[in-house]
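Reading through the structure tokens given below for one structure.
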Amino acid sequence: MTRLARRLDALWFPEAPAARLAMLRILIGAFSLWLVGTEYPVWVTVGQTKAALFQPVGVVALLSHPLSPALHEALVLATLVASVPFLLGWRYRFTGPLFAALLFWVLSYRQSWSMVYHSENLLVLHVLILALAPAADALSLDARRAAGAGPGRGLPSVWARWRGRLHVARSGSASRGIPLAARHLVLGLMPSAETAAVSASRAAAGERQARRRDPAGTWEYGWPIRLMCVVTALAYFVTGMAKVTGELGWSWVTGEALRSQVAADALRKEVLGDAGSSLFYIVYPQLWLFTCFGVMTLLVELGAPFALLNKRLAHLWAVNAFLMHWGILFIMGIK
């Protein structure tokens, strides 16, 4: 394996314990349940909006006209119900992809009537990754049932259908330039039933031995986490590029563009009768503060890919990203 191949392999297939991936499933599942539950009345009302305002986006573009309000409400309710087994890791092989598909549809439908909520799009991407990953192998009802059923009797996740071949491909890629596992991930190649059964059995035996040797876990739980990190970094990077390539360009650095955007949001809230943040009126005269905010925002967004290089940069980036969002929350009074 070449030096570049080793670096790519270490980047995309880091080892991680099953509990780490499971904890992400629990946290994101809990947030999804809270989001769908609290927004349920709003999302149902959206489906009752005038058809003339319907501008389908994403997967909803398959529709030529809106769904009936009753069908839309049924889908929102199904999404709320499906979020519970996703969170608990129950029958995850079926409920994981089901919840991801429902959430994908419902959020796309909601955004077909109003503005696009990019944060919700990122949530959908994370749920899709978790739904197709072995995120219920620990801290789940499936894991508890599998432990009680004995070896080989638990219900496998979707991942189990092709992880064996991926394991074998990655193990035998030492003489290749790029790991064969990456090709399987990109091309989405699916093994035959016989090949999958044999290779999955071999992979499972090797993974059990690997877990005994290395308590940190295995790569099959690490790469979904890495993929989620990459998706998040790209989302921030695209946001930053949209700023500097737009009409305002690099004027975001001066603080003028940022202050204008925040002022427009405050004015809109005043016109619509919604109380904005009192903190905005205090900081508005201080252009230098918005200059600092603008520079920090671009550093966080355009610098997001660098957070993938090592843990120190990742921790530094995460802290600054939280500070940026807290600043947006307090200054813009987002509810």
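Numbering (the numbering used here), first residue to last: 1468 to 1802.
All C-beta atoms, glycine included, are put in the ideal place defined by N, C-alpha and C.
- Residue environment for Trp1755: exposed (fewer than 16 other C-beta atoms within 10 angstroms of its C-beta).
- Non-local beta-carbon contacts of Leu1796 in its own chain, meaning distances under 7 angstroms to residues more than five positions away in sequence, are absent.
- Taking C-beta atoms under 8 angstroms as the contact rule, Leu1565 and Val1591 fail to qualify, at a distance of about 14 angstroms.
- Judged by their CB atoms, Met1695 and Leu1606 are not nearer to each other than the 9 angstroms cut-off.
- Uninterrupted alpha helix (DSSP H) stretches at least 4 residues long and entirely within the stretch 1712 to 1772 occur at 1723 to 1738, 1745 to 1750, 1754 to 1769, given in chain order.
- When the alpha-carbon of Ile1596 is set against those of Leu1715, Ala1731, Val1697, the nearest one is in Val1697.
- For a cut-off of 8 angstroms, the C-beta gap from Ala1788 to Val1767 is around 5 angstroms, short enough to register as a contact.
- Going by DSSP, Gln1578 is part of the alpha helix (DSSP H) stretching over 1559 to 1578.
- When the five nearest sequence neighbours on each side are left out, the beta carbons in the same chain lying within less than 6 angstroms of the beta carbon of Ala1567 are those of Val1594, Leu1595, Ala1598, in order along the chain.
- Excluding residues up to 5 positions away in sequence, Phe1571, Trp1572, Ser1575 lie with their Cβ nearer than 7 angstroms to the Cβ of Val1526 in the same chain.
- In this structure, DSSP gives Ala1788 a helical state, which the three-state scheme calls helix.
- With a cutoff of 9 angstroms on beta-carbon distance, Ala1603 and Ala1610 are scored as near each other.
- Note: Thr1685 is bridge-paired with Ala1483 in the DSSP secondary-structure output.
- Relative to the Cα of Trp1793, the nearest Cα in the group Thr1764, Leu1775, Val1551, Leu1769 belongs to Thr1764.
- Given a length threshold of 4 residues, each whole run of the alpha helix (DSSP H) inside the stretch 1503 to 1556 is given here in chain order: 1536 to 1555.
- Here DSSP, grouped into helix, strand and coil, assigns Asp1476 to helix.
- The way I'd put it, the stretch 1711 to 1718 doesn't touch the stretch 1502 to 1520; fewer than three beta-carbon pairs between them come closer than 8 angstroms.
- If you draw a straight line from the Cα of Leu1783 to the Cα of Leu1701, it is about 17 angstroms long.
- For the pair Leu1542 and Leu1569, the Cα-to-Cα distance works out to about 7 angstroms.
- Taking all protein chains in view, the Cβ of Gly1496 is crowded by 16 or more other Cβ atoms within 10 Å, so the residue is classified as buried.
- Annotation: the continuous alpha helix (DSSP H) that includes Ile1596 extends over 1585 to 1598.
- Using a 10 angstroms sphere on the CB of Lys1710, the tally of other CB atoms reaches 16 or more, which defines it as buried.
- DSSP, read as helix, strand or coil, puts Leu1491 in helix.
- In the structure shown, Leu1606 falls within a coil segment according to DSSP collapsed to helix, strand and coil.
- Buried is the label assigned to Leu1555, since at least 16 other Cβ atoms lie within 10 Å of its Cβ.
- The C-alpha of Met1708 is placed about 29 angstroms away from the C-alpha of Tyr1748.
- If you ignore the 5 residues before and after Arg1726, its C-beta comes within less than 6 angstroms of the C-beta of Phe1757, all in its own chain and listed in chain order.
- Rounded to the nearest angstrom, the gap between the Cα atoms of Ala1785 and Ser1535 is 42 angstroms.
- Taking the CA atoms as reference points, His1532 sits about 8 angstroms from Phe1521.
- In the three-state reduction of the DSSP assignment, Ile1692 falls in the helix class, which pools H, G and I.
- Under the 10 Å beta carbon count, Ala1528 is surrounded by fewer than 16 other beta carbons and is classified as exposed.
- Cβ atoms of Leu1547 and Val1503 come within 8 angstroms of each other, at about 5 angstroms.
- The beta carbon of Arg1474 lies closer than 6 angstroms to none in the same chain, with the five residues before and after it left out.
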